[in-house]
Amino acid sequence: MAQTQTGVFDVMNFGAKADGKADLNQPLFAAWKQACASASPSKIVIPEGEYILSQVTLEGPCKAPLEVQVRGNLKAPADPSQYNNIPSWVTFQRIDHLTLSGPGTFDGQGDMAWSQNDCKQNDGCNKLPIQAISHQLVGVQRSFTNMTITAPDESPNTDGIHIGRSSEITITDSTISTGDDCVSLGGGSQNVTIRRVTCGPGHGISVGKYKDEPVIGIFVVNCTLINTMNGVRVKTWPASMEGLASDMHFDDIVMVNVSNPVLIDQGYCPHNKCNAKAPSRVKINNVSFKNIRGTSATQLAVKLACSSGIPCENVEIGDIDLSYIGTQGPATSECSNVKPTFSGKQNPSTCSIMD
(Lines of atoms letter the chains of each structure in order from A; the text may use other names.)
(Lines give C-alpha, C1' and ligand atoms only; values in the text may rest on other atoms or scores of the structure.)
Protein backbone atom coordinates (compact mmCIF):
# COMPACT_ATOMS: atom_id res chain seq x y z
CA MET A 1 0.00 0.00 0.00
CA ALA A 2 1.27 3.48 -0.92
CA GLN A 3 0.61 5.21 2.39
CA THR A 4 2.98 7.01 4.72
CA GLN A 5 1.11 6.45 7.95
CA THR A 6 -1.74 4.27 9.09
CA GLY A 7 -4.98 5.22 7.42
CA VAL A 8 -3.55 8.18 5.44
CA PHE A 9 -3.33 7.96 1.66
CA ASP A 10 -1.37 10.86 0.15
CA VAL A 11 -1.98 11.17 -3.59
CA MET A 12 1.69 12.15 -4.06
CA ASN A 13 2.57 8.56 -3.16
CA PHE A 14 0.40 7.41 -6.06
CA GLY A 15 2.19 9.51 -8.68
CA ALA A 16 0.39 12.86 -8.37
CA LYS A 17 2.24 16.03 -9.42
CA ALA A 18 1.25 19.46 -8.12
CA ASP A 19 2.54 21.25 -11.22
CA GLY A 20 -0.76 22.44 -12.71
CA LYS A 21 -0.20 20.20 -15.75
CA ALA A 22 -0.39 16.52 -14.81
CA ASP A 23 -3.84 14.95 -14.49
CA LEU A 24 -4.70 13.96 -10.92
CA ASN A 25 -7.36 11.50 -12.09
CA GLN A 26 -5.43 8.22 -11.91
CA PRO A 27 -3.47 8.97 -8.70
CA LEU A 28 -6.68 10.06 -6.96
CA PHE A 29 -8.60 7.04 -8.19
CA ALA A 30 -5.80 4.69 -7.05
CA ALA A 31 -5.75 6.30 -3.60
CA TRP A 32 -9.53 6.06 -3.42
CA LYS A 33 -9.50 2.38 -4.31
CA GLN A 34 -7.15 1.53 -1.45
CA ALA A 35 -8.76 3.86 1.10
CA CYS A 36 -12.25 2.63 0.29
CA ALA A 37 -11.12 -0.96 0.82
CA SER A 38 -9.63 -0.17 4.22
CA ALA A 39 -11.40 -1.85 7.14
CA SER A 40 -10.55 1.08 9.44
CA PRO A 41 -11.23 4.85 9.05
CA SER A 42 -8.97 6.44 6.46
CA LYS A 43 -8.09 9.77 4.88
CA ILE A 44 -7.06 10.72 1.36
CA VAL A 45 -4.88 13.83 1.30
CA ILE A 46 -4.36 16.13 -1.69
CA PRO A 47 -1.52 18.45 -0.58
CA GLU A 48 -1.06 22.13 -1.36
CA GLY A 49 -0.37 22.94 -5.00
CA GLU A 50 -2.19 23.15 -8.30
CA TYR A 51 -3.66 20.10 -10.02
CA ILE A 52 -5.57 19.42 -13.20
CA LEU A 53 -8.37 16.93 -12.57
CA SER A 54 -10.36 15.37 -15.39
CA GLN A 55 -13.80 13.87 -14.79
CA VAL A 56 -13.76 11.33 -11.98
CA THR A 57 -16.34 9.20 -10.17
CA LEU A 58 -15.42 8.03 -6.68
CA GLU A 59 -17.83 5.30 -5.77
CA GLY A 60 -18.63 3.11 -2.78
CA PRO A 61 -19.69 1.33 -0.80
CA CYS A 62 -16.59 1.66 1.35
CA LYS A 63 -15.75 -0.54 4.33
CA ALA A 64 -15.21 2.27 6.86
CA PRO A 65 -15.60 6.05 7.26
CA LEU A 66 -13.48 7.99 4.79
CA GLU A 67 -12.29 11.61 4.61
CA VAL A 68 -11.05 13.36 1.49
CA GLN A 69 -8.97 16.36 2.51
CA VAL A 70 -8.33 18.82 -0.31
CA ARG A 71 -5.57 21.27 0.53
CA GLY A 72 -4.64 22.14 -3.03
CA ASN A 73 -6.37 23.84 -5.95
CA LEU A 74 -8.15 21.37 -8.25
CA LYS A 75 -8.86 22.70 -11.72
CA ALA A 76 -11.18 21.23 -14.30
CA PRO A 77 -9.76 20.88 -17.84
CA ALA A 78 -10.31 24.03 -19.87
CA ASP A 79 -11.31 22.10 -23.00
CA PRO A 80 -15.13 21.89 -23.33
CA SER A 81 -14.84 18.83 -25.59
CA GLN A 82 -13.79 16.77 -22.57
CA TYR A 83 -17.30 17.14 -21.13
CA ASN A 84 -19.30 15.66 -23.99
CA ASN A 85 -22.04 13.41 -22.54
CA ILE A 86 -20.58 13.75 -19.03
CA PRO A 87 -23.14 14.90 -16.44
CA SER A 88 -20.69 16.03 -13.76
CA TRP A 89 -17.05 16.79 -13.09
CA VAL A 90 -16.40 15.21 -9.66
CA THR A 91 -18.91 12.66 -8.39
CA PHE A 92 -19.10 10.91 -5.00
CA GLN A 93 -21.77 8.25 -4.87
CA ARG A 94 -23.03 5.25 -2.87
CA ILE A 95 -20.92 6.16 0.16
CA ASP A 96 -21.83 6.32 3.83
CA HIS A 97 -19.82 8.37 6.35
CA LEU A 98 -17.90 10.47 3.83
CA THR A 99 -16.25 13.75 4.89
CA LEU A 100 -15.00 16.24 2.31
CA SER A 101 -12.74 18.80 4.02
CA GLY A 102 -10.61 21.78 2.99
CA PRO A 103 -9.18 24.31 2.88
CA GLY A 104 -8.62 23.61 -0.82
CA THR A 105 -10.54 24.72 -3.90
CA PHE A 106 -12.54 23.10 -6.68
CA ASP A 107 -12.15 25.43 -9.68
CA GLY A 108 -14.50 24.46 -12.49
CA GLN A 109 -13.01 27.11 -14.82
CA GLY A 110 -16.57 27.87 -15.82
CA ASP A 111 -15.68 31.09 -17.63
CA MET A 112 -14.56 29.09 -20.66
CA ALA A 113 -18.16 27.82 -21.05
CA TRP A 114 -20.23 30.89 -20.17
CA SER A 115 -19.65 32.56 -23.54
CA GLN A 116 -20.65 29.38 -25.38
CA ASN A 117 -24.21 29.02 -24.07
CA ASP A 118 -27.46 30.92 -24.41
CA CYS A 119 -29.27 29.23 -21.54
CA LYS A 120 -30.77 32.48 -20.31
CA GLN A 121 -32.83 32.69 -23.52
CA ASN A 122 -33.02 29.06 -24.66
CA ASP A 123 -35.56 26.88 -22.83
CA GLY A 124 -33.99 23.78 -24.39
CA CYS A 125 -30.70 24.13 -22.53
CA ASN A 126 -29.66 21.53 -20.01
CA LYS A 127 -27.35 22.31 -17.13
CA LEU A 128 -23.83 23.37 -17.92
CA PRO A 129 -21.53 20.36 -17.79
CA ILE A 130 -19.09 21.85 -15.29
CA GLN A 131 -20.40 21.54 -11.77
CA ALA A 132 -17.53 22.66 -9.59
CA ILE A 133 -19.17 25.93 -8.74
CA SER A 134 -22.77 24.73 -8.88
CA HIS A 135 -23.38 21.70 -6.68
CA GLN A 136 -26.55 19.64 -7.01
CA LEU A 137 -27.29 17.76 -3.81
CA VAL A 138 -29.37 14.60 -3.72
CA GLY A 139 -29.33 12.59 -0.51
CA VAL A 140 -30.27 12.20 3.13
CA GLN A 141 -28.71 13.67 6.28
CA ARG A 142 -25.90 15.72 4.81
CA SER A 143 -24.12 18.62 6.48
CA PHE A 144 -22.13 21.33 4.70
CA THR A 145 -20.17 23.87 6.73
CA ASN A 146 -17.43 26.47 6.27
CA MET A 147 -17.68 26.45 2.50
CA THR A 148 -16.79 29.24 0.08
CA ILE A 149 -18.41 29.07 -3.37
CA THR A 150 -17.55 31.77 -5.88
CA ALA A 151 -18.52 32.68 -9.44
CA PRO A 152 -18.55 36.13 -11.10
CA ASP A 153 -21.83 38.00 -10.75
CA GLU A 154 -22.25 38.09 -14.56
CA SER A 155 -21.82 34.32 -14.99
CA PRO A 156 -25.05 32.57 -16.14
CA ASN A 157 -26.54 29.45 -14.57
CA THR A 158 -24.17 29.33 -11.63
CA ASP A 159 -26.36 28.37 -8.69
CA GLY A 160 -24.07 28.03 -5.70
CA ILE A 161 -25.91 25.03 -4.26
CA HIS A 162 -29.00 23.40 -5.73
CA ILE A 163 -30.88 20.94 -3.54
CA GLY A 164 -33.48 18.51 -4.85
CA ARG A 165 -34.94 15.15 -3.80
CA SER A 166 -33.08 15.45 -0.49
CA SER A 167 -33.97 15.54 3.19
CA GLU A 168 -32.30 16.48 6.47
CA ILE A 169 -29.78 18.81 4.80
CA THR A 170 -27.89 21.48 6.77
CA ILE A 171 -25.82 24.31 5.25
CA THR A 172 -24.03 26.51 7.80
CA ASP A 173 -21.30 29.12 8.22
CA SER A 174 -20.63 29.52 4.51
CA THR A 175 -20.12 32.31 1.96
CA ILE A 176 -21.65 32.06 -1.52
CA SER A 177 -21.10 34.58 -4.33
CA THR A 178 -22.55 33.69 -7.74
CA GLY A 179 -24.30 34.88 -10.88
CA ASP A 180 -27.49 32.98 -10.00
CA ASP A 181 -29.18 31.71 -6.83
CA CYS A 182 -26.84 31.37 -3.88
CA VAL A 183 -28.97 28.46 -2.73
CA SER A 184 -31.90 27.07 -4.71
CA LEU A 185 -34.32 24.49 -3.38
CA GLY A 186 -36.22 22.31 -5.81
CA GLY A 187 -38.77 19.53 -5.75
CA GLY A 188 -38.29 16.91 -3.07
CA SER A 189 -36.37 19.20 -0.71
CA GLN A 190 -37.53 18.41 2.82
CA ASN A 191 -36.29 19.55 6.22
CA VAL A 192 -33.48 21.76 4.96
CA THR A 193 -31.77 24.25 7.29
CA ILE A 194 -29.68 27.15 5.99
CA ARG A 195 -28.00 29.00 8.84
CA ARG A 196 -25.34 31.72 9.06
CA VAL A 197 -24.83 31.90 5.30
CA THR A 198 -23.65 35.10 3.63
CA CYS A 199 -24.96 35.48 0.09
CA GLY A 200 -23.95 38.00 -2.54
CA PRO A 201 -23.73 38.87 -5.26
CA GLY A 202 -26.30 36.56 -6.81
CA HIS A 203 -30.04 36.01 -7.02
CA GLY A 204 -30.58 35.26 -3.34
CA ILE A 205 -32.05 32.20 -1.64
CA SER A 206 -34.87 30.73 -3.72
CA VAL A 207 -37.48 28.02 -3.46
CA GLY A 208 -38.77 26.80 -6.83
CA LYS A 209 -38.45 24.10 -9.55
CA TYR A 210 -41.02 21.77 -8.00
CA LYS A 211 -41.65 19.27 -10.82
CA ASP A 212 -43.73 16.47 -9.28
CA GLU A 213 -42.31 16.48 -5.74
CA PRO A 214 -43.27 18.81 -2.86
CA VAL A 215 -41.01 21.16 -0.94
CA ILE A 216 -41.68 20.84 2.80
CA GLY A 217 -39.78 22.17 5.79
CA ILE A 218 -37.34 24.92 4.76
CA PHE A 219 -35.64 26.92 7.53
CA VAL A 220 -33.48 29.93 6.57
CA VAL A 221 -32.08 31.48 9.76
CA ASN A 222 -29.52 34.16 10.65
CA CYS A 223 -28.37 34.82 7.09
CA THR A 224 -27.06 37.95 5.38
CA LEU A 225 -27.71 38.94 1.77
CA ILE A 226 -25.59 41.65 0.15
CA ASN A 227 -26.22 43.31 -3.24
CA THR A 228 -28.41 40.46 -4.49
CA MET A 229 -31.16 40.54 -7.12
CA ASN A 230 -33.58 38.95 -4.66
CA GLY A 231 -33.55 38.28 -0.95
CA VAL A 232 -35.61 35.31 0.22
CA ARG A 233 -37.90 34.16 -2.56
CA VAL A 234 -40.57 31.55 -3.23
CA LYS A 235 -41.37 31.29 -6.94
CA THR A 236 -43.66 29.25 -9.19
CA TRP A 237 -44.46 29.48 -12.89
CA PRO A 238 -47.85 30.32 -14.44
CA ALA A 239 -49.69 27.28 -15.81
CA SER A 240 -47.47 25.02 -13.72
CA MET A 241 -48.43 21.47 -12.80
CA GLU A 242 -49.92 20.82 -9.38
CA GLY A 243 -47.46 21.02 -6.52
CA LEU A 244 -46.94 21.91 -2.88
CA ALA A 245 -44.57 24.23 -1.04
CA SER A 246 -45.24 24.20 2.69
CA ASP A 247 -43.69 24.95 6.07
CA MET A 248 -41.10 27.46 4.91
CA HIS A 249 -39.68 29.84 7.50
CA PHE A 250 -37.32 32.78 7.00
CA ASP A 251 -36.09 34.31 10.26
CA ASP A 252 -33.39 36.74 11.39
CA ILE A 253 -32.31 37.88 7.92
CA VAL A 254 -30.18 40.96 7.19
CA MET A 255 -30.57 42.64 3.78
CA VAL A 256 -27.89 45.03 2.46
CA ASN A 257 -28.87 46.85 -0.75
CA VAL A 258 -31.03 43.93 -1.87
CA SER A 259 -33.63 44.13 -4.64
CA ASN A 260 -36.91 42.38 -3.82
CA PRO A 261 -35.92 41.47 -0.25
CA VAL A 262 -39.11 39.51 0.58
CA LEU A 263 -40.80 37.87 -2.37
CA ILE A 264 -43.47 35.32 -3.19
CA ASP A 265 -43.84 35.28 -6.99
CA GLN A 266 -46.33 32.81 -8.42
CA GLY A 267 -46.16 34.46 -11.82
CA TYR A 268 -42.44 33.90 -12.36
CA CYS A 269 -41.68 33.99 -16.08
CA PRO A 270 -38.12 35.22 -16.71
CA HIS A 271 -38.15 35.02 -20.52
CA ASN A 272 -41.80 35.85 -21.24
CA LYS A 273 -42.45 32.40 -22.70
CA CYS A 274 -45.21 31.41 -20.25
CA ASN A 275 -48.97 31.29 -20.47
CA ALA A 276 -49.38 34.20 -18.09
CA LYS A 277 -53.19 33.95 -18.18
CA ALA A 278 -53.18 30.49 -16.58
CA PRO A 279 -52.54 30.61 -12.83
CA SER A 280 -49.91 28.57 -11.04
CA ARG A 281 -51.23 25.34 -9.53
CA VAL A 282 -48.61 25.09 -6.80
CA LYS A 283 -50.13 25.40 -3.34
CA ILE A 284 -48.12 27.60 -0.96
CA ASN A 285 -49.00 27.46 2.74
CA ASN A 286 -47.51 27.78 6.22
CA VAL A 287 -44.90 30.41 5.38
CA SER A 288 -43.35 32.92 7.77
CA PHE A 289 -41.09 35.92 7.23
CA LYS A 290 -39.84 37.21 10.60
CA ASN A 291 -37.21 39.62 11.86
CA ILE A 292 -36.08 40.73 8.42
CA ARG A 293 -34.23 44.03 8.42
CA GLY A 294 -31.88 46.20 6.39
CA THR A 295 -31.97 48.12 3.11
CA SER A 296 -33.83 47.53 -0.13
CA ALA A 297 -32.47 48.60 -3.53
CA THR A 298 -36.03 48.65 -4.90
CA GLN A 299 -38.92 50.69 -3.58
CA LEU A 300 -41.11 47.58 -3.52
CA ALA A 301 -39.50 45.83 -0.57
CA VAL A 302 -42.15 43.21 0.19
CA LYS A 303 -44.14 41.49 -2.57
CA LEU A 304 -46.50 38.59 -1.95
CA ALA A 305 -47.95 37.71 -5.36
CA CYS A 306 -49.83 34.45 -4.91
CA SER A 307 -51.77 32.38 -7.43
CA SER A 308 -55.26 33.52 -8.36
CA GLY A 309 -56.20 29.86 -8.81
CA ILE A 310 -54.83 28.58 -5.48
CA PRO A 311 -54.26 31.50 -3.08
CA CYS A 312 -51.54 31.27 -0.45
CA GLU A 313 -52.65 30.26 3.05
CA ASN A 314 -51.22 30.74 6.54
CA VAL A 315 -48.63 33.36 5.63
CA GLU A 316 -47.18 35.21 8.63
CA ILE A 317 -45.27 38.50 8.50
CA GLY A 318 -43.50 39.61 11.69
CA ASP A 319 -41.01 42.34 12.60
CA ILE A 320 -40.10 43.64 9.16
CA ASP A 321 -37.88 46.73 9.02
CA LEU A 322 -36.70 47.46 5.47
CA SER A 323 -35.68 50.92 4.27
CA TYR A 324 -35.56 51.90 0.61
CA ILE A 325 -32.24 53.55 -0.22
CA GLY A 326 -33.43 55.26 -3.41
CA THR A 327 -35.07 58.62 -4.02
CA GLN A 328 -38.57 57.63 -5.16
CA GLY A 329 -40.13 57.73 -1.72
CA PRO A 330 -40.52 55.31 1.18
CA ALA A 331 -40.45 51.55 0.84
CA THR A 332 -43.73 49.92 -0.21
CA SER A 333 -45.30 46.46 -0.15
CA GLU A 334 -47.78 44.67 -2.38
CA CYS A 335 -50.02 41.66 -1.82
CA SER A 336 -52.36 39.66 -4.05
CA ASN A 337 -54.35 36.49 -3.43
CA VAL A 338 -53.14 36.22 0.16
CA LYS A 339 -54.39 37.33 3.57
CA PRO A 340 -51.31 37.30 5.81
CA THR A 341 -51.29 37.72 9.56
CA PHE A 342 -49.05 40.39 11.08
CA SER A 343 -47.04 40.82 14.25
CA GLY A 344 -44.46 43.29 15.50
CA LYS A 345 -43.02 46.12 13.46
CA GLN A 346 -44.17 46.52 9.85
CA ASN A 347 -41.91 48.76 7.77
CA PRO A 348 -43.11 49.05 5.10
CA SER A 349 -46.72 48.62 6.11
CA THR A 350 -47.32 45.16 4.70
CA CYS A 351 -49.97 44.85 2.01
CA SER A 352 -50.26 48.60 1.68
CA ILE A 353 -51.08 47.81 -1.96
CA MET A 354 -53.70 45.07 -2.41
CA ASP A 355 -54.67 43.39 -5.68
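Note that full-length UniProt numbering has the sequence shown beginning at 1, numbered continuously upward. Where is the CB? At the ideal position from N, CA and C, for every residue including glycine.
Taking DSSP's pairing of strands, which residues face residue 92 in a bridge?
In the sequence shown, the residue the question calls residue 92 occupies position 92. Paired residue(s): 58.
Closest by C-alpha distance to residue 144, when choosing among 345, 296 and 163
Within the sequence shown, the letter at position 144 stands for residue 144. That would be 163, whose Cα lies nearest to the Cα of residue 144.
Buried/exposed call for residue 97, threshold 16 Cβ in 10 Å
In the sequence shown, the residue the question calls residue 97 occupies position 97. Under this definition residue 97 is an exposed residue.
With C-beta atoms as the reference, is residue 250 less than 7 Å away from residue 220?
Position 250 of the sequence shown, counted from the start, is the residue given in the question as residue 250. Position 220 of the sequence shown, counted from the start, is the residue given in the question as residue 220. Against a cut-off of 7 Å, the Cβ pair of residue 220 and residue 250 comes out as a contact.
Report the option in 217, 39, 76 and 146 whose CA atom is closest to the CA atom of residue 100.
Here residue 100 refers to the residue found at position 100 of the sequence shown. In this structure, 146 is the residue among 217, 39, 76 and 146 with its C-alpha nearest to the C-alpha of residue 100.
Please report the distance separating the alpha-carbon of residue 211 from that of residue 10.
Taking the first residue of the sequence shown as 1, we reach residue 211 at position 211. Taking the first residue of the sequence shown as 1, we reach residue 10 at position 10. Their Cα atoms are separated by approximately 43 Å.
May I ask which residues mark the beginning and end of the alpha helix (DSSP H) holding residue 339?
Along the sequence shown, one-based indexing puts residue 339 at 339. Element bounds for residue 339: n/a, residue is neither H nor E.
Inter-residue spacing [alpha-carbon to alpha-carbon] between residue 242 and residue 278
Residue mapping note: residue 242 aligns to position 242 of the sequence shown, counting from 1. Residue mapping note: residue 278 aligns to position 278 of the sequence shown, counting from 1. Approximately 12 Å between the Cα atoms of the pair.
Considering only C-alpha positions, which residue in the set 216, 44 and 261 is nearest to residue 199?
The sequence position of residue 199 within the sequence shown is 199, counting from 1. Minimum Cα distance to residue 199 is reached at 261.
Residue(s) in a DSSP beta bridge with residue 12
To locate residue 12, count along the sequence shown from 1; it is residue 12. Residue 12 is not bridged to any residue.
List the whole-angstrom C-beta distance separating residue 287 from residue 248, where the pair is believed to meet the contact cut-off of C-beta under 8 Å.
Position 287 of the sequence shown, counted from the first residue, corresponds to residue 287. Position 248 of the sequence shown, counted from the first residue, corresponds to residue 248. Sure, about 5 Å apart at Cβ, within 8 Å.
By the DSSP assignment, the alpha helix (DSSP H) with residue 266 in it spans what residues?
For the purposes of this step, residue 266 is taken as residue 266 along the sequence shown, with counting starting at 1. Where residue 266 is concerned, there is no enclosing alpha helix (DSSP H), given that its DSSP letter is neither H nor E.
Could you check whether residue 295 and residue 266 sit closer than 7 Å to each other, using their CB atoms as the reference points?
The residue given as residue 266 occupies position 266 in the sequence shown. The residue given as residue 295 occupies position 295 in the sequence shown. Going by C-beta atoms, residue 266 is not nearer than 7 Å to residue 295.
Report the rounded CA-to-CA distance for residue 232 versus residue 312, giving the unit in angstroms.
For this step, residue 232 is matched to residue 232 along the sequence shown. For this step, residue 312 is matched to residue 312 along the sequence shown. So the two alpha carbons sit approximately 16 Å from each other.
Is the beta carbon of residue 186 sitting closer than 7 Å to the one on residue 176?
Sequence index remark: in the sequence shown, residue 186 carries index 186 (1-based). Sequence index remark: in the sequence shown, residue 176 carries index 176 (1-based). Cβ distance not < 7 Å, so residue 186 and residue 176 don't count as in contact.
Test item: CB-CB of residue 304 and residue 282 under 7 Å
Your numbering for residue 304 matches position 304 in the sequence shown. Your numbering for residue 282 matches position 282 in the sequence shown. Contact: no.
Which one of 245, 238 and 224 has the shortest CA to CA distance from residue 256?
Along the sequence shown, read from residue 1 onward, the residue named residue 256 stands at position 256. It is 224.
Express the C-alpha separation of residue 335 and residue 19 in angstroms, rounding to a whole number.
Position 19 of the sequence shown, counted from the first residue, corresponds to residue 19. Position 335 of the sequence shown, counted from the first residue, corresponds to residue 335. Taking the straight line from one Cα to the other gives about 57 Å.
Answer with buried or exposed for residue 43, where buried requires no fewer than 16 other C-beta atoms within 10 angstroms of its C-beta.
If you number the sequence shown from 1, residue 43 lands on position 43. Under this definition residue 43 is a buried residue.
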